[in-house]
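Engineer:
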Amino acid sequence: MLVATIECANLKKLSGFSSIPEEGVLYIFSTYGRSDYFLDDVTYSGDTSELELMLSGYTLVIMGNSDSEIVSPNESIPKVHTELKEREVGHDEYPVFSMLTNTPPNGVSLPPDLQKEYEFVMQLYSSDFPEPFKDIFYLTDA
Numbered sequence: 002m003l004v005a006t007i008e009c010a011n012l013k014k015l016s017g018f019s020s021i022p023e024e025g026v027l028y029i030f031s032t033y034g035r036s037d038y039f040l041d042d043v044t045y046s047g048d049t050s051e052l053e054l055m056l057s058g059y060t061l062v063i064m065g066n067s068d069s070e071i072v073s074p075n076e077s078i079p080k081v082h083t084e085l086k087e088r089e090v091g092h093d094e095y096p097v098f099s100m101l102t103n104t105p106p107n108g109v110s111l112p113p114d115l116q117k118e119y120e121f122v123m124q125l126y127s128s129d130f131p132e133p134f135k136d137i138f139y140l141t142d143a
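Here our numbering is used: the first residue of the sequence shown is 2, the next is one more, and so on.
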């Protein structure tokens with residue numbers, strides 16, 4: 002399912018993150034089933050089998066150009082304009098909202114190999130999506 006479509010130029014301008022391209026569009030896809038437990042497919046707690054499952058393609062980000070749109074072969078979350086607001090998160094807080102950050106928030110455990118090759122850019126929070134997709138990651142607090 003297509004979860005989000007992000008214009009790189011706008012994201013780069015707002016975030017300043019070096020890993021975001023100057024132009025193009027990021028298409029974020031995720032596995033979704035109205036009755037499946039999504040977190041089983043993407044949660045990593047250090048077990049090798051979990052990492053293998055995550056890397057097998059349960060989520061996907063595609064870089065496209067602005068000239069042609071990529072669509073989901075299945076249902077998609079309707080596009081909505083999102084306004085970003087600045088907010089400071091304390092070191093002891095566990096943020097329960099979508100956010101841009103280059104520092105993985107509390108509660109996010111990334112495999113060391115991924116941290117070496119990738120930059121953390123954002124967290125998408127399911128309750129920020131419109132109905133009926135508030136359970137896109139199965140739990141409303143995921």
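Note that the Cβ used here is the ideal one computed from N, Cα and C, for glycine as well.
Predicted model, so just to flag it, every value in this text is computed and none were measured.
So, using beta-carbon positions, are Pro96 and Pro106 closer together than 7 Å?
Structural biologist: Working through the sequence shown from its first residue, we reach residue 96 at position 95. Working through the sequence shown from its first residue, we reach residue 106 at position 105. Yes; because the gap between Cβ atoms is below 7 Å, this pair is in contact.
Engineer: How about Ser73 and Leu125: do their beta carbons lie closer than 7 Å?
Structural biologist: Here residue 73 is taken as the residue at index 72 of the sequence shown, counted from 1. Here residue 125 is taken as the residue at index 124 of the sequence shown, counted from 1. Against a cut-off of 7 Å, the Cβ pair of Leu125 and Ser73 comes out as no contact.
Engineer: Tell me the residue span of the alpha helix (DSSP H) that contains Leu15.
Structural biologist: Stepping through the sequence shown from its first residue, residue 15 is reached at position 14. Looking at the DSSP string, the run of the alpha helix (DSSP H) that includes Leu15 is Cys9 to Ser16.
Engineer: What are the start and end residues of the beta strand (DSSP E) that includes Gly61?
Structural biologist: Taking the first residue of the sequence shown as position 1, residue 61 is located at position 60. Rather than Gly, the amino acid found at residue 61 in this sequence is Leu. Its beta strand (DSSP E) spans residues Thr60 to Gly65.
Engineer: Using the beta-carbon count (16 or more within 10 Å), is Asp142 buried or exposed?
Structural biologist: Walking along the sequence shown from the start, residue 142 turns up at place 141. With a pLDDT of 46 at Asp142, under the threshold of 50, the modelled position of this residue cannot be trusted; read the value that follows with caution. Exposed, by the Cβ-count rule.
Engineer: Have a look at Ser19 and Val62 and give me their C-alpha separation to the nearest angstrom.
Structural biologist: Position 18 of the sequence shown, counting from 1, holds the residue named residue 19. Position 61 of the sequence shown, counting from 1, holds the residue named residue 62. Going from the Cα of Ser19 to the Cα of Val62 covers about 17 Å.
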